[in-house]
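Colleague: My questions will all concern the structure given below.
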Amino acid sequence: MTPGKRGQALTKLSSTYNPAPAHRFNVGDPVAIKRSFPPGHRRTPYYIRGKRGVIERICGAFPNPEELAYGFDGEPRKVLYRVRFAQSHVWPGYGGPARDIIEMEIFEHWLEPADRAVEPADPDETG
Amino acid sequence: MSDPSSFDYYAHRKHDHAHEHGHDDHAPTAKPDEGPPSEHEIVSRAMQELLEQKGLITADEIRRRMEIFEEDFPYRGSRVIARAWTDAAFRRRLLKDGKKACAEAGVNLEATRLIAVENTPDVHNVIVCTLCSCYPRELLGMPPTWYKSDNYRSRVVFEPRAVLKEFGTVLPDHVTVRVHDSNADMRYVVVPMRPKGTENWSEEQLAGILTRDTLVGVTVPQAPE
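Chains as they are written, first to last, in the numbering used here: chain A, 1 to 127; chain B, 128 to 352.
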């Protein structure tokens, strides 16, 4: 997957807090959040499951909260990304301008490659 | 209040406004020592006693920790952002790696990883945690009640402009509202825009208008008329 113009614009923001040598996605990649509803402690909000966005930055590898919550050590660590979404895509009937965006942290195992993004506007590119 | 030893610093700070209203709204919601301790209190107390007996921590260290939580943490964010307002190179480092920049400014964020997000004439940032109430406590102190409320947490993600308006912040349509759901391992702070009329202000003066709410993004700092 080649990061497009969007990806390049995002790259200047990216920073890695923990090393994540093997990561499946890169900044600017279009992704879909799995539409999955398993029981247990999950840090993927319900409202974002099934939605599409783009990788905003790679935060690094972190202990898996879905294991930590039950007293396990959280290993193996999972790569954590920040994903940017267009509000008008996340909330059908969103009342604000189409340029509004929402971003959140999503672990790699909740992400799937998307063939096309529902492209959120890049707030750094003024139009 | 003439006797400094009895001066209640916090009561004074909190009440540093006109005193026309009654004090019922400041009444504690629950009497702290009423009823049996909760399970969490018992576990916490037992843990502390064990750690003290093993010589790993002292009661005074815990007391001190609680003290700085109240007396220092709430003012750290304002100091760091005031510095970012006066030092462009520091600002760039803060936006690149919040934790490292805070350390440079003498603020140890401990386990917290911080992402600083910048307001511009085109972008307004606002922070929420929809899953619980994740908050950069080492930078801003304890989260306010509204930040933890279901109302704020559920609404600011899908109608941010309406919620901001309730805080008195009205944003024109050409400004992008960028909501950050602080839902996992990162914590966030907003770097607001420095208002006009503050060009000659000291960092200390600037810190004075960088209130908690401006750093969460529900309002913007104003220079007094």
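Note that the Cβ used here is the ideal one computed from N, Cα and C, for glycine as well. Here the structure is a predicted model, which means the values were calculated and not measured.
#1: If you draw a straight line from the C-alpha of Y136 of chain B to the C-alpha of M193 of chain B, how long is it?
#2: Using a C-beta cutoff of 8 Å, does N246 of chain B count as contacting chain A?
#3: Does the Cβ of K78 of chain A have 16 or more other Cβ atoms within 10 Å, making it buried, or fewer, making it exposed?
#4: Taking the beta carbon of R172 of chain B as the centre, do at least 16 other beta carbons fall within 10 Å, making it buried, or is it exposed?
#5: With 16 as the cutoff for other CB atoms within 10 Å, does G344 of chain B come out buried or exposed?
#6: Could you give the DSSP three-state label for A98 of chain A: helix, strand or coil?
#7: From G225 of chain B to A232 of chain B, what distance separates their C-alpha atoms?
#8: Are the beta-carbon atoms belonging to V253 of chain B and P201 of chain B less than 8 Å from one another?
#9: How far does the beta strand (DSSP E) with G204 of chain B in it reach, from first residue to last?
#10: Just grab the DSSP bridge partners of Y70 of chain A for me.
#11: Check whether the Cβ of E133 of chain A lies closer than 8 Å to any Cβ atom in chain B.
#12: Distance check for K323 of chain B and E353 of chain B, CA to CA, integer angstroms please.
#13: Note down the Cα distance separating L111 of chain A from G74 of chain A, rounded to an integer number of angstroms.
#14: Just the chain A side, please: which residues come within less than 7 Å of N310 of chain B by C-beta, in chain order?
#15: Determine the burial state of L337 of chain B: buried for a count of at least 16 other Cβ atoms within 10 Å of its Cβ, exposed for fewer.
#16: Hey, does F25 of chain A have any beta-carbon neighbour from chain B nearer than 8 Å?
#17: DSSP three-state label for H301 of chain B, please.
#18: Taking Cβ-Cβ distances below 7 Å as the criterion, which residues of the stretch 305–338 of chain B are in contact with chain A?
#19: By the three-class DSSP mapping on this structure, what secondary structure does E326 of chain B have?
#20: Starting from the beta carbon of I101 of chain A, find every residue of chain B whose beta carbon is closer than 8 Å, and list them in chain order.
#21: When burial is assigned at 16 or more other CB atoms within 10 Å of the CB, is R35 of chain A buried or exposed?
#22: Nearest-angstrom Cα distance between G149 of chain B and S205 of chain B?
#23: Would you say W91 of chain A faces chain B, with C-beta separation under 8 Å as the test?
#24: What separation, rounded to the nearest whole angstrom, lies between the Cα atoms of E168 of chain B and F72 of chain A?
#25: Going along the chain, which residues of its own chain have a beta-carbon closer than 6 Å to the beta-carbon of T95 of chain B, five neighbours each way excluded?
#26: Give me the Cα-Cα distance between P319 of chain B and T257 of chain B, rounded to the nearest whole angstrom.
#27: Specify the secondary structure class of H23 of chain A as computed by DSSP and reduced to three states.
#28: Can you give me the Cβ contacts of I242 of chain B inside the same chain, cut-off strictly under 7 Å, excluding the 5 residues immediately before and after it?
#29: Nearest to R219 of chain B by CA position, among B:V234, B:E198, B:V244, B:I195, is which residue?
#30: Between T325 of chain B and L333 of chain B, which are expected to be in contact by the criterion C-beta below 8 Å, what is the C-beta distance as a whole number of angstroms?
Modeller: On the basis of the supplied data:
#1: Residue confidence is low: Y136 of chain B scores 34 on pLDDT, short of 50, so the model does not pin down where it sits. No coordinate-derived value is stated.
#2: Interface criterion not met: the Cβ of N246 of chain B is under 8 Å from no Cβ in chain A.
#3: By the neighbour-count rule (16 or more Cβ atoms within 10 Å), K78 of chain A is buried.
#4: R172 of chain B comes out exposed.
#5: It counts as buried.
#6: Looking at A98 of chain A - three-state DSSP - the assignment turns out to be coil, as it is neither helix nor strand.
#7: If I take the Cα positions, the gap works out to 11 Å.
#8: Not a contact, by the Cβ cut-off of 8 Å.
#9: Not the beta strand (DSSP E): G204 of chain B falls in the alpha helix (DSSP H), residues 200–213.
#10: Within the DSSP bridge table, the entry for Y70 of chain A names no partner.
#11: Residue 133 of chain A lies beyond the range of chain A shown here (1 to 127); nothing can be said about it.
#12: There is no way to answer for residue 353 of chain B, as the model of chain B reaches only from 128 to 352.
#13: Their Cα atoms are separated by approximately 19 Å.
#14: Those are R43, P45, M104, E105, listed as they occur along chain A.
#15: L337 of chain B comes out buried.
#16: So no, F25 of chain A is outside the interface.
#17: If DSSP states are grouped into helix, strand and coil, H301 of chain B belongs with coil.
#18: Contacts with chain A (Cβ-Cβ distance below 7 Å) from the stretch 305–338 of chain B involve R305, V306, H307, D308, N310, A311, D312, M313, listed in chain order.
#19: Of the three classes helix, strand and coil, the one that applies to E326 of chain B here is coil, per DSSP.
#20: Under the 8 Å cutoff, chain B gives T303, V304, R305, V306.
#21: Around the beta carbon of R35 of chain A, fewer than 16 other beta carbons lie within 10 angstroms, which makes this residue exposed.
#22: Note that G149 of chain B has pLDDT 42, beneath the 50 cutoff, so the model's placement of it is unreliable and no number is given.
#23: Contact of W91 of chain A with chain B is assigned, a C-beta pair being separated by under 8 Å.
#24: Approximately 24 Å, taken between the alpha carbons.
#25: Nothing about residue 95 of chain B can be read from this structure; chain B reaches only from 128 to 352.
#26: Going by the C-alpha atoms only, they are around 22 Å apart.
#27: H23 of chain A falls in the coil class under three-state DSSP.
#28: Around I242 of chain B: G225, M313, Y315.
#29: Minimum Cα distance to R219 of chain B is reached at B:V244.
#30: Contact holds; Cβ gap of about 6 Å.
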